[in-house]
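What the sequence shown shows, in my numbering, is residues 517 to 715, in sequence order. Glycine residues also receive a C-beta, built at the ideal position from the N, C-alpha and C atoms. Only one structure is covered here, and it is reproduced in the block below.
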Amino acid sequence: MASTNIHPIFDRLVQQEDREKRLGQNAKVLWLTGLSGSGKSTIAQALERRLFNEGFFPQVLDGDNIRTGINKNLGFSVEDREENIRRISEVAKLYLNSGIIVISSFISPTIKSRAAAKEIIGKENFLEIFVNTPLEICEKRDVKGLYKKARSGEIKNFTGIDSPYEKPVNPILDLKTENQTVEESVDEIIEHIYPLINI
């Protein structure tokens with residue numbers, strides 16, 4: 517039950533638009549979603565570096581990093597996955613309110629979970645990017661050896677194997693990475709988002 521002793525003071529804090537003017541950018545949350553091994557983290561890191569080098573102030577939130585810290589008490593049940601995304605969304609919103617361009621890299625496998633994230637962050641600031649890499653390519657890469665473990669039954673509820681991944685219906689960008697370099701993927705993202713983040 518929510519406490520009745522909580523009194524938010526958001527309206528008395530320095531506002532997002534003031535922080536954006538100071539930083540010289542429009543804050544947005546770039547929500548990269550896709551299968552494990554799709555290249556989300558690699559693209560997010562390269563995108564962060566490119567934006568930073570071009571004078572923007574970005575921050576990556578990555579699934580593995582978050583699960584070793586704020587979400588280390590969560591497992592991979594449906595309920596825990598939903599709570600994982602809820603917490604991430606609230607953290608992303610705090611960064612957004614600080615004028616930061618957030619690059620969130622999470623499988624976020626269901627349409628429902630991403631809709632919940634958009635609701636928390638605000639639809640005008642939530643930019644969904646589908647890192648669209650076929651399952652067979654992700655499984656062939658298997659950088660972390662997770663698909664092999666999922667196929668052998670060592671890992672249960674693994675997205676794409678015994679737990680579904682629901683593709684985004686209307687992302688701002690459908691990034692087909694199968695025949696793209698990381699640099700080409702980053703170029704494509706920047707081309708789409710530049711008018712939205714540039715003041």
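Nearest by alpha-carbon distance to residue i: which of the options is it?
| i | options | result |
| --- | --- | --- |
| Thr-626 | Gly-571, Phe-646, Glu-655 | Phe-646 |
| Arg-528 | Asn-613, Arg-657, Tyr-681 | Asn-613 |
| Asn-648 | Gly-540, Leu-689, Asp-703, Glu-640 | Leu-689 |
| Leu-610 | Thr-697, Asn-714, Val-530 | Val-530 |
| Ser-624 | Gln-532, Thr-558, Gly-676 | Gly-676 |
| Val-594 | Gln-575, Asn-714, Lys-628, Asn-695 | Lys-628 |
| Asn-695 | Lys-664, Pro-650, Ser-557, Lys-672 | Pro-650 |
At the level of alpha carbons, what is the spacing between residue i and residue j?
| i | j | result |
| --- | --- | --- |
| Arg-667 | Ser-679 | 12 Å |
| Thr-693 | Glu-699 | 11 Å |
| Val-618 | Asn-600 | 17 Å |
| Gly-661 | Ser-554 | 14 Å |
| Trp-547 | Leu-539 | 21 Å |
| Thr-697 | Tyr-710 | 20 Å |
| Arg-657 | Gln-532 | 40 Å |
| Ala-543 | Phe-674 | 33 Å |
| Ile-715 | Glu-704 | 20 Å |
Could you spell out where the beta strand (DSSP E) holding residue i opens and where it closes?
| i | result |
| --- | --- |
| Ile-617 | 617-621 |
| Asn-714 | Per DSSP, Asn-714 belongs to no beta strand (DSSP E) and is neither H nor E. |
| Glu-644 | 642-648 |
| Lys-692 | 689-692 |
Just grab the DSSP bridge partners of residue i for me.
| i | result |
| --- | --- |
| Val-530 | Paired residues: none, contrary to the question. |
| Thr-675 | Ser-679 |
| Leu-546 | Ile-619, Leu-643 |
| Leu-577 | Ser-620 |
Below 9 Å between beta carbons: does that hold for residue i and residue j?
| i | j | result |
| --- | --- | --- |
| Arg-566 | Ile-653 | no |
| Ile-636 | Ser-620 | no |
| Leu-577 | Tyr-681 | no |
| Ile-582 | Val-545 | no |
| Phe-592 | Gln-541 | no |
| Thr-549 | Glu-670 | no |
| Gly-615 | Glu-536 | yes |
| Leu-563 | Val-659 | no |
| Arg-602 | Ala-633 | yes |
| Arg-630 | Pro-684 | yes |
| Phe-642 | Lys-556 | no |
Can you give me the start and stop residues for the alpha helix (DSSP H) that residue i sits inside?
| i | result |
| --- | --- |
| Gln-561 | 556-569 |
| Val-607 | 594-613 |
| Leu-662 | 662-668 |
| Lys-717 | Beyond the ends of the chain as shown, which are 517 and 715, falls residue 717; an answer cannot be given. |
Would you say the beta carbon of residue i comes nearer than 8 Å to a heavy atom of the ligand SAM?
| i | result |
| --- | --- |
| Asn-589 | Looking at this structure, you won't find the ligand SAM or any other ligand, since it has none at all. |
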